[in-house]
Amino acid sequence: KNDPKKILARTDYPLLTPEEYYEKEGQVKNVVFPSGAMLKDETIFLYYGAADTICCLATINLSSLLDFMFKKNVVYLSRYQKNPILTADKNHPWEEKAVFNPAAIYLEGNVHLLYRAMSADNTSVLGYARSRDGKNIDFRSKEPVYIPREPFEQKQIPVSNSGCEDPRLTKIGNKIYMCYTAFDGKNHPRVAFTSIKVTDFLSGNWQWEKPVLLSPPDFSDKDALLFPEKVNSNYMFIHRVGDNINYAFVPSLNFDKNTFLEEYHWIKPRAGFWDSKKIGAAAAPIKTEKGWVLFYHGLSDDNIYRAGALLLDNNDPTKVLGRTSHFIFEPEKDYEKYGQVENVVFPCGAVLINDTVYIYYGGADSVCALATIKLNDLLCLFS
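First residue of the sequence shown: 2, per the numbering used here; consecutive thereafter.
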């Protein structure tokens with residue numbers, strides 16, 4: 002204030018990037034060029050040139066800008082000190098190469114994990130593990146509990162990646178529903194959907210329903226999950242087509258081979274941010290008094306996978322109430338930075354136990370790990 006030569010804070014990410022057509026197309030493409038600013042009450046009016054062609058206006062709340070610059074609402078997940086909680090098992094050929102990207106569900110006082118396991122020939126199946134305290138593994142299956150059964154997930158090219166990848170779990174009524182990525186190593190990855198009775202799941206009777214494909218064959222679709230509650234009498238799916246998080250509504254969970262999820266564009270990557278390249282939903286959202294919390298992963302231009310969160314309206318979850326400006330988790334440990342894919346934290350499971358959220362994630366596409374955050378601290382991100 003007294004010495005304007007002294008810099009007190011600086012934004013880590015851009016406030017404005019070319020997104021609209023009139024900013025991308027013109028005399029000079031992809032230009033937002035601020036040239037005037039005015040403060041009125043608590044609002045900053047920023048005047049700028051778009052594509053060296055027209056004059057435009059953007060606004061921002063002063064307090065929000067200062068919070069953004071000084072990182073007042075930045076909170077990070079805390080790693081479990083004994084990570085990783087699961088590693089590859091050389092005694093089991095089906096999981097001898099890697100175990101990662103675990104889905105999670107909390108039932109009858111236990112956290113149940115379904116994790117992606119890879120064999121030496123890069124076939125992915127799903128293993129099972131259970132924890133009473135959410136941290137230490139009390140039981141781990143000796144055999145896979147879910148394997149590729151249909152042609153769309155059977156290996157077409159020797160040694161290529163194939164199988165059942167990156168599950169997400171949702172409980173509705175007396176069933177647990179699972180979305181996963183089905184891949185044959187040749188065609189586009191697609192969203193597959195199956196279910197199992199809660200009683201069978203808890204007893205280890207792995208009688209899964211026959212899987213069906215929810216996405217068409219002509220483009221890649223991944224990172225899908227079923228919303229935990231109906232929205233206006235319809236079921237809601239969240240999935241990733243291309244680089245965006247999209248949603249779809251269906252009246253029934255009984256699918257045939259010719260019915261696919263519709264594509265409603267929803268949440269986009271943000272140019273210049275930590276989630277600038279592509280984004281995908283992490284796990285079934287957690288309902289709170291402030292709204293549904295949806296964790297998601299984001300890939301940056303320098304190919305680092307980080308994690309953030311969204312706050313969705315309790316009554317209309319297509320309405321985004323908040324989005325973390327800064328990431329809340331990034332690769333730091335060796336098991337996150339070095340592995341099959343470097344610099345990856347990839348959450349696929351999140352459960353609320355008392356006042357703590359447990360987030361289960363894959364590290365470097367190689368191991369399963371855990372991070373936690375207090376629910377109140379998480380909600381403060383959106384205040």
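The C-beta atom is built at its ideal place from N, Cα and C for all residues, glycine as well.
Legend entry - Secondary structure of W267, DSSP reduced to three states: strand
Inset, instruction - Please classify D314: is it buried, with 16 or more other beta-carbons within 10 angstroms of its beta-carbon, or exposed? - result: exposed
Legend entry - Neighbourhood of G337 by C-beta distance below 6 Å, restricted to the same chain and skipping five residues each side: According to the sequence displayed, residue 337 carries Glu and not Gly. For E337, where only same-chain residues beyond five positions count, the Cβ hits under 6 Å are V346, G364, A365.
Legend entry - Proximity to E151 [Cα-Cα], best of V213, L114, R141: It is V213 whose Cα lies nearest to the Cα of E151.
Legend entry - Integer-rounded CB distance, given that V76 should sit under 8 Å from Y434: Lying outside 2 to 384, the shown extent of the chain, residue 434 is not represented and no answer is given.
Legend entry - Inter-residue Cα distance where the pair is P270 and V29: 23 Å
Inset, instruction - Measure the C-alpha to C-alpha separation of E331 and I305 and round it to an integer number of angstroms. - result: 8 Å
Inset, instruction - Can you tell me the Cβ-Cβ gap for A284 and P229, rounded? I've got them flagged as a contact below 8 Å. - result: The Cβ separation is near 10 Å, so there is no contact.
Inset, instruction - On the DSSP bridge assignment, give the partners of C369 in chain order. - result: Note: C369 sits in a beta bridge opposite L87, G363.
Inset, instruction - Could you tell me which uninterrupted beta strand (DSSP E) segments, each at least 3 residues in length, are contained entirely in the stretch 116-142, listed from first to last along the chain? - result: 124-132
Inset, instruction - Check the Cβ-Cβ distances between N188 and every residue of chain B, and say whether any is below 8 Å. - result: In summary, chain B is missing from the structure at hand, where a single protein chain is found.
Inset, instruction - Output the distance between the C-alpha atoms of V344 and S301, rounded to the nearest integer angstrom. - result: Checking the sequence, you will find Asn at residue 344 rather than Val. Those two C-alpha atoms are separated by around 11 Å.
Legend entry - Proximity of L87 and A51 at Cβ, strictly below 8 Å: no
Inset, instruction - Return yes when the Cβ of I354 is within less than 8 Å of the Cβ of G135, no when it is not. - result: Taking 8 Å as the Cβ cut-off, G135 and I354 qualify as a contacting pair.
Legend entry - Cβ neighbours of K25 in the same chain (closer than 7 Å, five flanking residues each side left out): P19, N31, A52
Legend entry - Contact check, L58 vs Y48, beta carbons under 8 Å: yes
Legend entry - Buried or exposed (CB count within 10 angstroms, at least 16 for buried), L379: buried
Inset, instruction - State the CB to CB distance for the pair S163 and Q155, rounded to an integer number of angstroms; the pair is presumed to be in contact (CB under 8 Å). - result: 7 Å
Legend entry - Residue of N123, Y107, A99, D122 minimising C-alpha distance to Y116: A99
Inset, instruction - Compare the beta carbon distance of Y236 and L227 with 8 Å and say whether it is the shorter of the two. - result: Cβ distance < 8 Å, so Y236 and L227 count as in contact.
Inset, instruction - Just confirm the distance between the C-beta atoms of G1 and I287, as a whole number of angstroms; I'd bet it's less than 8 Å. - result: Absent from the structure is residue 1, since the part of the chain shown begins at 2 and ends at 384.
Inset, instruction - Can you tell me the Cβ-Cβ gap for A105 and G350, rounded? I've got them flagged as a contact below 8 Å. - result: 3 Å
Legend entry - Exposure label - C381; buried when at least 16 CB within 10 Å: exposed
Inset, instruction - Identify which residue in R133, Y147, A89, D13 has its Cα closest to the Cα of Y181. - result: For Y181, the closest C-alpha among the options R133, Y147, A89, D13 is that of Y147.
Legend entry - Assigned exposure category for N92 - 16 Cβ within 10 Å defines buried: exposed
Inset, instruction - Kindly indicate which three-state DSSP category N377 falls into: helix, strand or coil? - result: helix
Inset, instruction - Figure out for me which residue from P15, D224, F256, V342 has the closest Cα to the Cα of F34. - result: P15
Legend entry - 8 Å Cβ shell around Y81 - same chain, five flanking residues per side excluded: The residues K136, A370, L371, A372, T373, in chain order, have a CB closer than 8 Å to that of Y81 in the same chain once the five nearest residues on each side in sequence are set aside.
Inset, instruction - Whole angstroms is fine: what's the gap from P218's alpha carbon to F202's? - result: Within the model, the alpha-carbon separation for P218 versus F202 is close to 30 Å.
Inset, instruction - Please list, in chain order, all residues of the same chain as D465 whose beta carbon is under 7 Å from its beta carbon, the five residues on each side excluded. - result: There is no way to answer for residue 465, as the model of the chain reaches only from 2 to 384.
Inset, instruction - Quick one: give me the first and last residue of the alpha helix (DSSP H) that D68 is part of. - result: Per DSSP, the unbroken alpha helix (DSSP H) holding D68 starts and ends at 63-71.
Legend entry - Pair within 8 Å by beta-carbon distance, E264 and A249: Yes, the pair counts as a contact, with Cβ atoms nearer than the cut-off.
Inset, instruction - Could you tell me the boundaries of the beta strand (DSSP E) in which D224 lies? - result: 222-227
Inset, instruction - With distances taken Cα to Cα, identify the nearest neighbour of G174 among N84, V126, R141, V199. - result: When each option's Cα is compared against that of G174, the closest is V199.
Legend entry - Extent of the continuous alpha helix (DSSP H) run through D201: D201 -> alpha helix (DSSP H) spans 199-204.
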